[in-house]
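For reference, the structure is listed below as structure tokens.
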Amino acid sequence: MDHAVVHFEIVGDDPEALAQFYTELLGWKIEKMPGFTDYWAIDTGGEGPMGGMMKREAPQQTGLNYVAVEDVEGYAAKAVELGGQMVMGKTEVQGMGWFCVIIDPQGNPFGIWQCMEQQGCCCGCDTE
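Using the numbering used here, the first residue of the sequence shown is number 5, and each one after it goes up by one.
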């Protein structure tokens, strides 16, 4: 499996205004996701990863990149062993997969993502 960036998230205090900014600047298609509160899907129109946008929940909250892994729990444990800190444990995104959020030893947050095998990969990552 390639451990590529498969999803990104942008946070903002006013997501609607931020969506307009990226739509006008880059031509991205940004739409509110049904069934999710304050979350918008970002279609960049290219071959790169799909993204999401949400309302900032805390002043220090930043955007995140998510990397594909085969086993979200195993990689989270390994990250902690290597000096990282898990700030959000395994969390399910219903019908899509699971993620964890980790801070690396230098203070950089990132996510790891595992697709649900029975659904195939929802984010363009290679599950083989």
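Glycine residues also receive a C-beta, built at the ideal position from the N, C-alpha and C atoms.
Given residue i as reference, the closest of the options once Cα atoms are compared
{"i": "Glu-20", "options": "Tyr-43, Ala-72, Trp-102 and Val-10", "result": "Tyr-43"}
{"i": "Glu-51", "options": "His-11, Met-90, Glu-85 and Glu-74", "result": "His-11"}
{"i": "Trp-117", "options": "Val-76, Pro-53, Glu-61 and Gly-16", "result": "Val-76"}
{"i": "Val-15", "options": "Glu-74, Glu-61, Ile-34 and Met-37", "result": "Glu-61"}
CB of residue i within 8 Å of CB of residue j, strictly
{"i": "Gly-67", "j": "Glu-28", "result": "no"}
{"i": "Met-57", "j": "Ala-83", "result": "no"}
{"i": "Val-105", "j": "Pro-53", "result": "no"}
{"i": "Asp-6", "j": "Ala-72", "result": "yes"}
{"i": "Gly-99", "j": "Tyr-70", "result": "no"}
{"i": "Gly-4", "j": "Ile-107", "result": "Outside the shown range of the chain (5 to 132) lies residue 4, about which nothing can therefore be said."}
Bounding residues of the alpha helix (DSSP H) (the contiguous stretch that carries residue i)
{"i": "Glu-35", "result": "That residue, Glu-35, is in no alpha helix (DSSP H); its beta strand (DSSP E) goes 33-36."}
Assigned exposure category for residue i - 16 Cβ within 10 Å defines buried
{"i": "Asn-112", "result": "exposed"}
{"i": "Phe-103", "result": "buried"}
{"i": "Met-39", "result": "Checking the sequence shown, residue 39 turns out to be Gly, not Met. It counts as exposed."}
{"i": "Met-49", "result": "Strictly speaking, residue 49 in this sequence is Gly, with Met absent from that position. Under this definition Gly-49 is an exposed residue."}
{"i": "Gly-55", "result": "buried"}
{"i": "Gly-78", "result": "exposed"}
{"i": "Cys-119", "result": "buried"}
Start and end residues, beta strand (DSSP E) containing residue i
{"i": "Glu-142", "result": "Outside the modelled stretch of the chain, which goes from 5 to 132, sits residue 142, for which no answer is possible."}
{"i": "Val-91", "result": "89-97"}
{"i": "Val-84", "result": "Per DSSP, Val-84 belongs to no beta strand (DSSP E); it is in the alpha helix (DSSP H), 76-85."}
{"i": "Asn-69", "result": "68-72"}
{"i": "Pro-53", "result": "Premise fails: Pro-53 is in no beta strand (DSSP E) and is neither H nor E."}
{"i": "Gln-118", "result": "113-119"}
{"i": "Glu-13", "result": "9-16"}
{"i": "Ala-62", "result": "Note, Ala-62: premise wrong, no beta strand (DSSP E); not H, not E."}
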